[in-house]
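Here's the structure we're looking at; comments come further down.
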Amino acid sequence: MSEKTASNPGLMEKIVSLCKRRGFIFQSSEIYGGINGFWDYGPYGTALKRAVEQLWWREMVEKRDNVVGLDSTIISHPKVWKASGHLDKFGDLMTDCRNCKARHRVDQMENPAVCPACGSKDLTPPREFNLMMKTYVGPVFDEEHVAYLRAETCQPIFVDFDNVRISSRQKLPFGIAQTGKAFRNEINPRNFTFRSREFTQMEMEFFCKEEDSMQWYEYWRGERIAYYKNCLGFSGDEIKIHDHETLAHYAKAALDIEFKFPFGWGELEGIHHRGTWDMSRHGEFSGESMEYFDQDSGKKFHPTVVETSVGLDRTILALLCHAYAEEMAETKKEGVEEDLRIVLRLPPELAPVQIAVLPLTKKLADPAEKLHRDLRVWLRSEYDLTGSIGKRYRRQDEIGTPFCATVDFDTLNDGAVTVRSRDSMSQERVSMDQVRTYIMERLKR
Ligand code: ATP
4 MSEKTASNPG LMEKIVSLCK RRGFIFQSSE IYGGINGFWD YGPYGTALKR AVEQLWWREM
64 VEKRDNVVGL DSTIISHPKV WKASGHLDKF GDLMTDCRNC KARHRVDQME NPAVCPACGS
124 KDLTPPREFN LMMKTYVGPV FDEEHVAYLR AETCQPIFVD FDNVRISSRQ KLPFGIAQTG
184 KAFRNEINPR NFTFRSREFT QMEMEFFCKE EDSMQWYEYW RGERIAYYKN CLGFSGDEIK
244 IHDHETLAHY AKAALDIEFK FPFGWGELEG IHHRGTWDMS RHGEFSGESM EYFDQDSGKK
304 FHPTVVETSV GLDRTILALL CHAYAEEMAE TKKEGVEEDL RIVLRLPPEL APVQIAVLPL
364 TKKLADPAEK LHRDLRVWLR SEYDLTGSIG KRYRRQDEIG TPFCATVDFD TLNDGAVTVR
424 SRDSMSQERV SMDQVRTYIM ERLKR
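Here's what the structure looks like:
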């Protein structure tokens with residue numbers, strides 16, 4: 004992955020500033036000076052995050068008969084991480100600059116002999132660093148009670164394979180999906196939420212026969228690309244596939260789906276052929292058989308796994324980068340103080356606010372509040388009475404609201420409102436009892 008070069012740093016600053024200003028994402032523990040690599044999602048960020056997670060779940064689980072869900076704990080038996088290889092191998096090489104004290108991941112340095120922060124060549128020799136976060140379970144804080152926060156959500160999926168398979172009566176091929184928090188003690192968290200120490204993953208492990216596995220790998224590659232294009236609206240220029248040249252010894256293939264962030268191309272999702280590695284390792288370390296009995300052939304074997312693994316936070320960041328736009332208004336309209344329009348062109352289905360109900364004046368509050376109450380049962384609706392109408396439109400543009408319904412004095416006579424579209428800025432008169440249908444039809448992609 005090539006997250007090294009800052010190709011459009013100005014844009015990144017604007018996005019970070021909008022995220023704070025409008026309550027999408029801000030530094031965790033800010034009043035204490037913040038904590039590096041941890042981010043909080045504010046009201047609009049939370050709404051967006053839930054919508055994206057729900058979309059992924061619908062596309063990967065609810066729309067499929069052969070994928071089922073799991074919600075496992077963050078802390079598992081420590082042997083899980085021994086078996087997975089995380090305790091022995093999951094690390095990066097790091098080096099410290101003796102001159103400016105910056106710490107770097109060696110694989111991310113343009114030249115491993117030169118500090119990218121200050122140019123000094125006075126660097127410590129590279130040393131291994133394990134990324135697992137440690138804690139203790141129980142009242143005694145000694146080595147016997149050490150446990151780890153999961154570094155990926157997929158390991159419990161392998162461990163729970165039989166419990167899930169038997170209770171859901173699934174047969175090969177089928178998948179198990181899980182979304183949830185993962186923790187990595189990243190050496191150098193950076194690029195806003197792109198590399199965090201606490202983040203959310205959305206993973207699906209697909210269990211199949213070894214002879215069918217490459218076909219499933221190709222299938223999931225196609226499905227995931229279609230998801231980025233059709234559900235998130237990313238263009239062919241914004242995403243690309245990076246096939247891994249070097250593979251783990253057990254894997255037949257692996258690729259990253261990369262997004263063109265303002266700081267360069269960065270991994271959004273990994274699609275990995277994991278062979279039988281995880282299942283056989285957990286079999287070996289637990290002493291329990293992780294084999295599958297195939298009734299058709301009468302054979303027992305370890306299922307082969309194809310994984311799709313994406314970060315929710317990176318998806319949100321990609322969506323914000325994709326959606327952010329600045330436009331110069333052609334004419335200065337009444338109530339609009341600046342000519343620059345900042346707009347987030349989020350897919351309407353995912354926007355934190357899908358419809359904003361705006362009464363022109365306080366006198367129109369009653370019908371406007373009623374409309375808002377009716378709409379919010381079905382849609383993410385927001386009611387806003389403060390400031391000039393132009394300012395309210397701009398505020399909604401900035402948080403990506405696709406539609407605003409303005410209640411004006413004509414509403415009292417014709418029972419209709421003016422619906423303004425974020426993208427075309429066109430305005431249409433829509434009867435109040437039709438607003439819901441009007442918006443819902445336009446939410447579909
Ligand atoms: P990278 O090379 O960027 O460190 P990785 O190859 O270690 O990533 P995976 O272990 O394949 O990543 O994790 C799957 C997905 O989880 C990634 O594609 C990414 O979207 C997300 N992810 C991984 N690490 C982080 C992190 N530190 N912060 C935010 N998201 C992450």
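Just so we're aligned, residue 4 is where the sequence shown starts under my numbering, counting upward by one.
Beta carbons are placed, not taken as given, at the ideal position from N, Cα and C, and that holds for glycine.
This one's a predicted model, so the numbers in the text were calculated from it and none came from an experiment.
Looking at the unbroken beta strand (DSSP E) that takes in residue i, where does it start and where does it end?
{"i": "residue 424", "result": "419 to 424"}
{"i": "residue 409", "result": "406 to 410"}
{"i": "residue 162", "result": "Where residue 162 is concerned, there is no enclosing beta strand (DSSP E), although the alpha helix (DSSP H) it sits in stretches over 158 to 162."}
{"i": "residue 184", "result": "177 to 186"}
{"i": "residue 130", "result": "130 to 133"}
{"i": "residue 72", "result": "70 to 72"}
{"i": "residue 468", "result": "The chain is shown from 4 up to 448; residue 468 falls before or after that span and cannot be answered."}
{"i": "residue 106", "result": "106 to 108"}
Let's test the definition: count the other Cβ atoms within 10 Å of the Cβ of residue i and tell me whether it reaches 16, buried, or not, exposed.
{"i": "residue 263", "result": "buried"}
{"i": "residue 88", "result": "exposed"}
{"i": "residue 229", "result": "exposed"}
{"i": "residue 216", "result": "buried"}
{"i": "residue 314", "result": "buried"}
{"i": "residue 126", "result": "buried"}
{"i": "residue 144", "result": "exposed"}
{"i": "residue 435", "result": "buried"}
{"i": "residue 252", "result": "exposed"}
{"i": "residue 270", "result": "buried"}
{"i": "residue 416", "result": "exposed"}
{"i": "residue 362", "result": "buried"}
{"i": "residue 27", "result": "buried"}
{"i": "residue 3", "result": "With the chain covering only 4 through 448, there is no way to say anything about residue 3."}
{"i": "residue 410", "result": "buried"}
{"i": "residue 343", "result": "exposed"}
{"i": "residue 146", "result": "exposed"}
{"i": "residue 15", "result": "buried"}
{"i": "residue 54", "result": "buried"}
{"i": "residue 389", "result": "exposed"}
{"i": "residue 380", "result": "exposed"}
{"i": "residue 196", "result": "buried"}
Considering only DSSP beta bridges, list what residue i is partnered with.
{"i": "residue 261", "result": "243 and 270"}
{"i": "residue 303", "result": "296"}
{"i": "residue 252", "result": "According to DSSP, residue 252 bridges with nothing at all."}
{"i": "residue 29", "result": "43"}
{"i": "residue 384", "result": "358"}
{"i": "residue 430", "result": "423"}
{"i": "residue 201", "result": "186"}
{"i": "residue 137", "result": "151"}
{"i": "residue 277", "result": "According to DSSP, which records beta bridges pairwise, residue 277 is partnered with nothing at all."}
{"i": "residue 311", "result": "207 and 274"}
{"i": "residue 16", "result": "Answer by DSSP bridge pairing: none, since residue 16 is not bridged."}
Would you mind reading off the limits of the alpha helix (DSSP H) that contains residue i?
{"i": "residue 366", "result": "Where residue 366 is concerned, there is no enclosing alpha helix (DSSP H), given that its DSSP letter is neither H nor E."}
{"i": "residue 57", "result": "46 to 60"}
{"i": "residue 318", "result": "315 to 326"}
{"i": "residue 220", "result": "216 to 229"}
{"i": "residue 85", "result": "81 to 86"}
{"i": "residue 149", "result": "Where residue 149 is concerned, there is no enclosing alpha helix (DSSP H), although the beta strand (DSSP E) it sits in stretches over 149 to 152."}
{"i": "residue 444", "result": "438 to 446"}
{"i": "residue 99", "result": "Note, residue 99: premise wrong, no alpha helix (DSSP H); beta strand (DSSP E) at 94 to 99."}
Spatial neighbours of residue i within its chain, please: CB distance less than 6 Å, with the 5 preceding and 5 following residues excluded, ordered by chain position.
{"i": "residue 198", "result": "189 and 192"}
{"i": "residue 220", "result": "256, 276 and 309"}
{"i": "residue 9", "result": "Because the pLDDT of residue 9 is 44, which lies under 50, any placement of that residue in the model is unreliable, and the number read from its coordinates should be weighed accordingly. Here the set comprises 266."}
{"i": "residue 386", "result": "360 and 375"}
{"i": "residue 23", "result": "29"}
{"i": "residue 186", "result": "136, 152 and 201"}
Let me make sure I understand the geometry here. Which of the options has the alpha-carbon closest to that of residue i?
{"i": "residue 225", "options": "129, 274 and 91", "result": "274"}
{"i": "residue 91", "options": "114, 135 and 177", "result": "135"}
{"i": "residue 298", "options": "261, 318 and 176", "result": "176"}
{"i": "residue 48", "options": "436, 362, 347 and 425", "result": "347"}
{"i": "residue 156", "options": "85, 204 and 195", "result": "204"}
{"i": "residue 350", "options": "223, 178, 372 and 404", "result": "404"}
{"i": "residue 259", "options": "265, 266 and 248", "result": "248"}
{"i": "residue 433", "options": "412, 426 and 408", "result": "408"}
{"i": "residue 261", "options": "305, 321, 280 and 162", "result": "321"}
{"i": "residue 130", "options": "150, 383, 325 and 106", "result": "106"}
{"i": "residue 119", "options": "137, 98 and 67", "result": "98"}
{"i": "residue 312", "options": "384, 398, 160 and 165", "result": "160"}
{"i": "residue 123", "options": "108, 101, 173 and 209", "result": "101"}
{"i": "residue 444", "options": "430, 382 and 394", "result": "382"}
Output needed for residue i: all residues of its chain with C-beta closer than 8 Å, excluding positions within five of it in sequence on either side, in chain order.
{"i": "residue 239", "result": "232"}
{"i": "residue 163", "result": "73, 75 and 179"}
Ordered along the chain, which non-local residues of its own chain (more than five positions away) have a Cβ less than 7 Å from that of residue i?
{"i": "residue 63", "result": "70, 180 and 207"}
{"i": "residue 168", "result": "none"}
With 7 Å set as the bound, which would you pick, yes or no: does the beta-carbon of residue i sit closer than that to a beta-carbon of chain C?
{"i": "residue 294", "result": "No chain C appears in this structure, which consists of one protein chain only."}
Going by the C-beta, is residue i closer than 6 Å to any heavy atom of the ligand ZN?
{"i": "residue 313", "result": "As far as ligands go, the structure on display features the ligand ATP and does not contain the ligand ZN."}
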